[in-house]
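**Q** Here it is, the structure in full.
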Amino acid sequence: MGTIQQGPSGAFLSSQCHPTSTGQPGFQERLRAWGGSEAQAWGEWSGARRAGVVTAVALALTWAALAGWAGPAAAATFHVNETGDFIDTDLNDGLCKTALNTCSLRAAVMQANATAEADTIVLQAGQIYPLKLNTPGDEDAAAQDDLDISSKIFIDGNGGTIQVGPVGHPPTCNLNGTEELAWEFRVFHVLPAGELVLDSVTVRDGCADGSGAIAKGGGIFNGGKLTIRYSTVTANRARDGGGGLYNSGTVTVVNSTFSGNQASSGGGIQTENSLYGSFVTIVKNSASATAGGILANFASRSVAVTMKNCIVANNVAEVETATNNCFTLTSVSDPKWLSTGTNLAGGGGCPSFTPTSQLNLGPLANNGGLTETHALLSGSAAIDAATDCTDVDGTTVSRDQRGVARPRGSAQPPKCDVGAYEWDPDIPTPTPTATPTAAPTVCLDFTTCFPRETPTATETPIGTPTRSPSPTPTPSPSHTAVSPTVTPTVRPSPTPTPPLAPTSVGPSARCPAEPQPGCDQPRRSKLVIRKWPLEAQNGVELLLWRGRPRRDPSAFGNPLANTNTLVCIYGQNGLVLEFVVPPGAFWSRVGQRGFAYVDPAGSVGGVQWLSLERRAGWLARHETTIKLEAKGAGIPWVALPLAEPVTVQVRNDTTPVCFADTFAGEHVFANGSLLFRGLRR
197 MGTIQQGPSG AFLSSQCHPT STGQPGFQER LRAWGGSEAQ AWGEWSGARR
247 AGVVTAVALA LTWAALAGWA GPAAAATFHV NETGDFIDTD LNDGLCKTAL
297 NTCSLRAAVM QANATAEADT IVLQAGQIYP LKLNTPGDED AAAQDDLDIS
347 SKIFIDGNGG TIQVGPVGHP PTCNLNGTEE LAWEFRVFHV LPAGELVLDS
397 VTVRDGCADG SGAIAKGGGI FNGGKLTIRY STVTANRARD GGGGLYNSGT
447 VTVVNSTFSG NQASSGGGIQ TENSLYGSFV TIVKNSASAT AGGILANFAS
497 RSVAVTMKNC IVANNVAEVE TATNNCFTLT SVSDPKWLST GTNLAGGGGC
547 PSFTPTSQLN LGPLANNGGL TETHALLSGS AAIDAATDCT DVDGTTVSRD
597 QRGVARPRGS AQPPKCDVGA YEWDPDIPTP TPTATPTAAP TVCLDFTTCF
647 PRETPTATET PIGTPTRSPS PTPTPSPSHT AVSPTVTPTV RPSPTPTPPL
697 APTSVGPSAR CPAEPQPGCD QPRRSKLVIR KWPLEAQNGV ELLLWRGRPR
747 RDPSAFGNPL ANTNTLVCIY GQNGLVLEFV VPPGAFWSRV GQRGFAYVDP
797 AGSVGGVQWL SLERRAGWLA RHETTIKLEA KGAGIPWVAL PLAEPVTVQV
847 RNDTTPVCFA DTFAGEHVFA NGSLLFRGLR R
């Protein structure tokens, strides 16, 4: 095995290293990009292709190079395997573990904050992580509301989305100065002692309402050190400043996109301290007053906005239209706004930017890669316009936000494009594939409502809820322990999936493709779907308790002789799972109350028990209770998490009566790759 050491000049040196990586190029580039120009490598490099991991040696080195920490740290890696929003149960046990014995994003952040080391959180590829826990005010322990960062944390997003509110249902964000609504909080809050790196993640739907600091930074409020790479910040809102990002610390943004954010000022970004941007696209943000794109508010000469090879365009400031893209507020006579390389503005207001009306940008869409981007269309002034292919520190940037190699095109010598997207004349611009949803109720009291789109989640294999200490970097072979990749190189693109074809069991009778209206609704209900590593432990539980109006047993048909009973489960995209329980010998009459299906072997889709009963009593017509239990490997495979809202309907093929309930928002207690648990009381 090779060696990694710190040379006499402070440079990080590596020799004969064989890093385990995702199998794509770029580790040395990432090492140089994070370690500075003095991070060097010599000798032979080779990569053993093993998806999703990188050696702990490389991870520890990258963290040291990024933040300037002296010596190795006993870092830990948390693999998130739960998309539900649950707290950690014990911050002293060193384990990312919720009450469901899973590792949620919030629990991982809480555990990482509990240590002084530089910990890593790995998200599942393409998953959506909705934040739902909310209390009035702004606590700083990450147990409620936004994810507070008080330690050193690296989030390897793998194309995941972190958002406020339930999946598929954009929350209402009134921005009226009070936090009276359930989803009125931002996504991230980096405290002064915190250091956060976001890699390949989407941050969206944050809502900073209230007054004072609470009303700033709809997506992210940074008071410490923040690095955003290969990521997208979109559809966030703030009553005061910084719809996408408010910065009072230090921010570095590379190969990332800010789009569709809103605020009173600084629709995309408001900064009051140092901001460094390289190959960034900031477009289609809006402000009700000033600076739709970037507001720089300086209190001293010691801070600056430094931009290189960036696009700031098509932003809107409703009052000060001359500041659509940029505006500077300062108490000093010589604010430092440094434009290096080639920066393009689709309008005025950005100091030393080159104005142009020919940017030809596509909509925010899945153009390949792990996060959505604005594609450069043919004829864009940003194509081949970069002065060079380096960031503000002079480090080579060899890939765009999607992981596509820079430079491309026919220019001689080859030149990079400006912004987060690298255009290739040989590859047609992909058709946007975001899944449109109905326009949400997102209204500012000082502007109009606006529509948005929601990306479709892609299911991913499960992980483990354990905390894995990362070894100290030394030449010992034991230090090739598994850790997540931290390279920004090309990874397989999470292709948005069409609505899932329903999984069915039983005879030819089928559930409708979509939930049908007119069903009886119970007073209480429960739906639990479990997918464990051992198929024998899989399970589906359903309870619809005391449904109205009152029915007699004839509503269930005659499952003893000729009635198929259908249990239909729907996600946002339609039917995802159905059990068709046939008539026959496994059915029996339960007095005058109804029917029961008992098959311990679970020969039909694992269904062991299904009861269809009216509530016991002297009335012939009474409230209905339905209970289903299915267990074992016979349960049809269903992709978790489910796209909310989740609806279950029980019907049959001989009567028009059906029974149904829907789980969404506060009624969803878990929605991850291992477990869905909905409960309505």
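Counting in this note's numbering, the sequence shown runs from 197 upward without gaps.
For glycine and all other residues, C-beta sits at the position ideal for the given N, C-alpha and C.
1. Could you pull out every residue in the same chain whose Cβ sits closer than 6 Å to the Cβ of Gln-554, ignoring the five residues on either side in sequence?
2. Considering just the uninterrupted stretch of the beta strand (DSSP E) at Asn-354, what are its terminal residues?
3. Using DSSP's beta-bridge definition, name the partner residues of Cys-612.
4. Could you give the DSSP three-state label for Leu-301: helix, strand or coil?
5. Taking all protein chains shown into account, decide if Ala-757 is buried (16 or more other Cβ within 10 angstroms of its Cβ) or exposed.
6. Taking all protein chains shown into account, do 16 or more other C-beta atoms lie within 10 angstroms of the C-beta of Glu-568, making it buried, or fewer, making it exposed?
7. Could you tell me whether the Cβ atoms of Gln-597 and Asn-451 are closer together than 8 Å?
8. Hey, out of Pro-832, Gly-590, Arg-789, Asn-432, whose CA is closest to Ala-411's CA?
9. Under three-state DSSP, which class holds Glu-862?
10. Under 8 Å by Cβ, that's how I've got Gly-439 and Gly-473 pegged, so tell me the actual separation to the nearest angstrom.
11. Report yes or no: do three or more beta-carbon pairs, one from the region 827-834 and one from the region 338-356, lie closer than 8 Å?
12. Should Gly-868 and Leu-836 be called a contact, given that it needs their Cβ atoms to be closer than 8 Å?
13. Count Cβ pairs between the region 383-396 and the region 335-350 that sit closer than 8 Å; are there 3 or more?
14. How is Ser-750 classed by DSSP in three states: helix, strand or coil?
15. Sorted by chain position, which residues of the same chain lie with C-beta nearer than 8 Å to Pro-609's C-beta, five sequence neighbours on each side aside?
16. Which of helix, strand or coil does DSSP assign to Gly-408?
17. Which same chain residues, not among the five before or five after Asn-848, have their C-beta less than 7 Å away from its C-beta?
18. Heavy atom of the ligand NAD less than 7 Å from the Cβ of Gly-473, yes or no?
19. Using a 10 Å radius around the Cβ and a threshold of 16 neighbouring Cβ atoms, would you call Gln-788 buried or exposed?
20. Hey, Gly-615 and Thr-477 are a contact pair by Cβ (cut 8 Å); roughly how many whole angstroms apart?
21. Identify the continuous beta strand (DSSP E) that holds Glu-809 and give its terminal residues.
22. Suppose you measure from the CA of Ala-797 to the CA of Leu-740; what does that come to, to the nearest Å?
23. Can you tell me where the beta strand (DSSP E) with Ala-582 in it begins and where it stops?
24. Please report the residue range of the beta strand (DSSP E) in which Asp-395 lies.
25. One question on the structure: do Ser-460 and Ser-444 come within less than 8 Å of each other, judged by their Cβ atoms?
26. Could you check the C-alpha separation between Arg-873 and Asp-857 for me, to the nearest Å?
27. Over what stretch of residues does the beta strand (DSSP E) that includes Gln-845 continue unbroken?
28. With distance defined between alpha-carbon atoms, name the residue in Ala-513, Gly-488, Phe-282 nearest to Leu-871.
29. Go through the region 302-329 residue by residue and report every complete run of the beta strand (DSSP E) that reaches 3 residues or more, in order.
30. For Pro-541 and Val-383, what's the separation of their Cα atoms in angstroms?
31. Whose C-alpha, out of Ser-799, Gly-767, Ile-822, Val-846, is nearest the C-alpha of Gly-364?
32. Leaving out the 5 sequence neighbours to the left and right, which residues in its chain are closer than 6 Å to Asn-539 when beta-carbon positions are compared?
33. In the DSSP assignment, the beta strand (DSSP E) including Cys-157 goes from what residue to what residue?
34. Assign Val-435 to one of two classes, buried (16 or more other C-beta atoms within 10 Å of its C-beta) or exposed (fewer than that).
35. Between the beta-carbon of Thr-430 and the beta-carbon of Gly-456, is there less than 8 Å?
36. Measure the CB-CB distance between Gly-414 and Gly-406 and report whether it falls below 8 Å.
**A** With the structure as the only source:
1. Translated into positions along the sequence shown, residue 554 becomes position 358. Closer than 6 Å at Cβ, skipping near neighbours: Ala-577.
2. Counted from its first residue, the sequence shown places residue 354 at position 158. Looking at the DSSP string, the run of the beta strand (DSSP E) that includes Asn-354 is 348-360.
3. The count along the sequence shown starts at 1 and reaches residue 612 at position 416. Paired residue(s): none; Cys-612 is not in a bridge.
4. Numbered from its first residue, the sequence shown carries residue 301 at position 105. Helix.
5. Position 561 of the sequence shown, counted from the start, is the residue given in the question as residue 757. Exposed, because fewer than 16 other Cβ atoms sit within 10 Å of the Cβ of Ala-757.
6. Position 372 of the sequence shown, counting from 1, holds the residue named residue 568. So Glu-568 counts as buried.
7. Locating residue 597 in the sequence shown gives position 401, where the first residue counts as 1. Locating residue 451 in the sequence shown gives position 255, where the first residue counts as 1. Closer than 8 Å, so yes.
8. If you number the sequence shown from 1, residue 411 lands on position 215. Checked all of Pro-832, Gly-590, Arg-789, Asn-432; the closest Cα to Ala-411 is Asn-432.
9. Counted from its first residue, the sequence shown places residue 862 at position 666. Looking at Glu-862 - three-state DSSP - the assignment turns out to be helix.
10. Translated into positions along the sequence shown, residue 439 becomes position 243. Translated into positions along the sequence shown, residue 473 becomes position 277. So it is not a contact: roughly 16 Å between Cβ atoms.
11. no
12. Within the sequence shown, numbered from 1, the residue matching residue 868 stands at position 672. Within the sequence shown, numbered from 1, the residue matching residue 836 stands at position 640. For Gly-868 and Leu-836, yes; Cβs fall inside 8 Å.
13. yes
14. Counting from one through the sequence shown, the residue named residue 750 turns up at place 554. Helix, per DSSP.
15. Start at 1 with the first residue of the sequence shown, and residue 609 comes out as number 413. There are no such residues.
16. Here the question's residue 408 lines up with position 212 in the sequence shown. Helix at Gly-408.
17. By 1-based counting over the sequence shown, the position of residue 848 is 652. The residues are Phe-752, Gly-753, Thr-759, Asn-760, Thr-761, Leu-762.
18. Ligands are entirely absent from the displayed structure, and the ligand NAD is therefore not among its contents.
19. Taking the first residue of the sequence shown as 1, we reach residue 788 at position 592. Its Cβ having fewer than 16 others within 10 Å, Gln-788 is exposed.
20. In the sequence shown, residue 615 corresponds to position 419, counting from 1. In the sequence shown, residue 477 corresponds to position 281, counting from 1. Going by Cβ atoms, the distance from Gly-615 to Thr-477 rounds to 4 Å, so yes, they are a contact pair.
21. Locating residue 809 in the sequence shown gives position 613, counting from the first residue. Element bounds for Glu-809: 803-810.
22. Residue numbering aside, residue 797 sits at position 601 when the sequence shown is read from its first letter. Residue numbering aside, residue 740 sits at position 544 when the sequence shown is read from its first letter. Using only the alpha carbons, I get a separation of about 24 Å.
23. Mapped onto the sequence shown, residue 582 falls at position 386. Neither: Ala-582 is in no beta strand (DSSP E) and is coded neither H nor E.
24. As a working note, residue 395 is residue 199 in the sequence shown. From DSSP, the beta strand (DSSP E) with Asp-395 extends over 391-400.
25. Position 264 of the sequence shown, counted from the first residue, corresponds to residue 460. Position 248 of the sequence shown, counted from the first residue, corresponds to residue 444. Against a cut-off of 8 Å, the Cβ pair of Ser-444 and Ser-460 comes out as no contact.
26. Position 677 of the sequence shown, counting from 1, holds the residue named residue 873. Position 661 of the sequence shown, counting from 1, holds the residue named residue 857. Cα-Cα distance, rounded: 14 Å.
27. Translated into positions along the sequence shown, residue 845 becomes position 649. Element bounds for Gln-845: 842-848.
28. Locating residue 871 in the sequence shown gives position 675, where the first residue counts as 1. For Leu-871, the nearest C-alpha among the options comes from Phe-282.
29. 314-318, 324-327
30. As a first step, residue 541 must be located in the sequence shown, where it is residue number 345. As a first step, residue 383 must be located in the sequence shown, where it is residue number 187. In the sequence on display, residue 541 carries Ala and not Pro. For Ala-541 and Val-383, the distance between alpha carbons rounds to 28 Å.
31. To locate residue 364, count along the sequence shown from 1; it is residue 168. Residue Gly-767 is the option with its Cα nearest to Gly-364.
32. Sequence index remark: in the sequence shown, residue 539 carries index 343 (1-based). The residues are Met-503, Cys-506, Phe-549.
33. Outside the displayed range of the chain (197 to 877) lies residue 157, so it cannot be described from this structure.
34. As a position in the sequence shown, residue 435 is number 239, starting the count at 1. The residue you asked about is not Val; residue 435 is Arg in the sequence shown. Arg-435 is buried by the Cβ-count criterion.
35. Taking the first residue of the sequence shown as position 1, residue 430 is located at position 234. Taking the first residue of the sequence shown as position 1, residue 456 is located at position 260. Their beta carbons are under 8 Å apart, which means Thr-430 touches Gly-456 by this criterion.
36. Looking up residue 414 in the sequence shown gives position 218. Looking up residue 406 in the sequence shown gives position 210. In this structure, Gly-406 does not lie closer than 8 Å to Gly-414 by Cβ.
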